[in-house]
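Per our numbering, the sequence shown starts with residue 30, numbered consecutively.
One structure below.
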Amino acid sequence: MADQSIISALVLGLIEGLTEFLPVSSTAHVLLAGHFLGFQSPGNTFAVLIQLGAILAILLVYAGKLLEIAMDIPTSRKARHFVVTVLIAFLPAAVIGALAHDFIKTVLFETPMLICIVLILGGFVLLAVDRMKFQPKYHDIMDYPWPLALKIGFFQCLAMVPGTSRSGATIVGALLMGADKRSAAEFSFFLAMPTMLGAFVLDLYKNRDILSLDDGAVIAIGFVAAFVTAIFVVRSLLDFVSSRGYAFFAYWRIIIGVAGLLALVMLG
């Protein structure tokens with residue numbers, strides 16, 4: 030395992046952890062950074078598998094609430110309702126992701142120009158949504174109705190195009206469907222757990238024959254870096270979006286997308 034691969038894995042892991050739960054598309058950032066670093070991953074598995082670090086960061090931050098929900102399931106209708114709500118929101122991505130997996134990995138992941146364009150377009154969408162004046166009807170994720178969860182789940186499927194952002198798609202979908210900013214971000218966190226775990230398992234299964242021990246070591250480095258940085262992002266994001274909204278992330282997307290396009294044109 031070359032030193033360059035170790036450094037690249039560490040950098041990409043940090044990028045993953047910093048961006049996974051922000052509406053800026055962590056996959057786009059990792060793929061673009063990997064492209065310019067010359068980082069190669071068999072079957073493009075690295076960008077997907079290191080997301081497990083981000084999953085564990087959520088589990089750690091929300092361990093108390095998850096344990097409380099698990100303990101309440103036998104006696105609390107509200108707890109059961111919430112678990113079913115998250116599973117319903119997960120279903121569209123589970124079905125479509127499994128069917129379109131090969132196309133996503135071999136075509137969409139391999140098209141950096143498309144990723145940059147989607148980053149820019151998504152930035153303008155996020156900017157427009159942030160400026161809208163909503164009258165939220167839903168403030169507590171435990172009370173989200175099932176039809177709302179299903180609609181958010183279909184919005185999440187848009188993130189199968191790198192550059193869209195899973196968290197961005199689910200948050201925008203929730204806002205448009207009547208959720209407030211804080212609960213929209215929080216529901217996105219909980220929905221990430223089965224979605225990212227499912228993507229991890231599917232990708233690992235699909236690429237089990239082409240991964241080596243060296244690949245596993247590189248992925249482990251990225252995983253740890255993503256875990257550590259994601260903890261800080263999850264802890265601070267809800268307060269940030271509640272008070273400042275999403276305009277900052279919209280401009281971030283546009284700047285990164287434009288910079289990526291210019292770099293692709295000049296450097297290839």
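For each residue, glycine too, the CB sits at the ideal point set by N, CA and C.
Predicted model, so just to flag it, every value in this text is computed and none were measured.
Measure the Cβ-Cβ separation of M225 and Q80 and say whether it is below 7 Å. yes
Three-state secondary structure (DSSP) of Y167: strand
How big is the Cα-Cα spacing for P223 and F119? 7 Å
Between H58 and I36, how many whole angstroms is the CB-CB distance? I'm expecting something under 8 Å. That belief does not hold up - the Cβ atoms of H58 and I36 are roughly 17 Å apart, past 8 Å.
Whole runs of the beta strand (DSSP E) within the region 63–140, excluding any shorter than 3 residues: none
Could you tell me the boundaries of the alpha helix (DSSP H) in which G289 lies? 276–296
Within a Cβ cutoff of 6 Å, which residues of the same chain sit near T107, ignoring the five residues on either side of it in sequence? Thr is not the amino acid found at residue 107; the sequence shown has Lys there. Cβ neighbours of K107 beyond the five flanking positions: M171.
For the alpha helix (DSSP H) that contains E215, what are its first and last residues? 210–235
Within 10 angstroms of the Cβ of D268, are there 16 or more other Cβ atoms? Answer buried if so, exposed if not. exposed
If contacts are defined as beta-carbon pairs under 8 Å, then G192 and G42 qualify, I think. What distance do you get, rounded to the angstrom? Not confirmed; about 20 Å, so no contact.
Taking Cβ to Cβ, would you say R282 is nearer than 7 Å to G152? yes
So, L85 versus F256, is the Cβ gap smaller than 7 Å? yes
Burial state of T56 (16 or more Cβ within 10 Å): buried
Distance check for M189 and P174, CA to CA, integer angstroms please. 25 Å
How would you write the range of the alpha helix (DSSP H) that S271 sits in, first residue to last? 242–273
Closest residue to H299 among L177, P165, H130, G63 (Cα-Cα distance): Residue 299 lies beyond the residue range present for the chain, which begins at 30 and ends at 297; the question has no answer from this structure.
In angstroms with no decimal places, state the Cα-to-Cα distance between A38 and A123. 27 Å
Check whether A76 and L60 have beta carbons under 7 Å apart: yes
For T48, tell me which candidate among R195, D243, S271, D244 has the shortest Cα-Cα distance. R195
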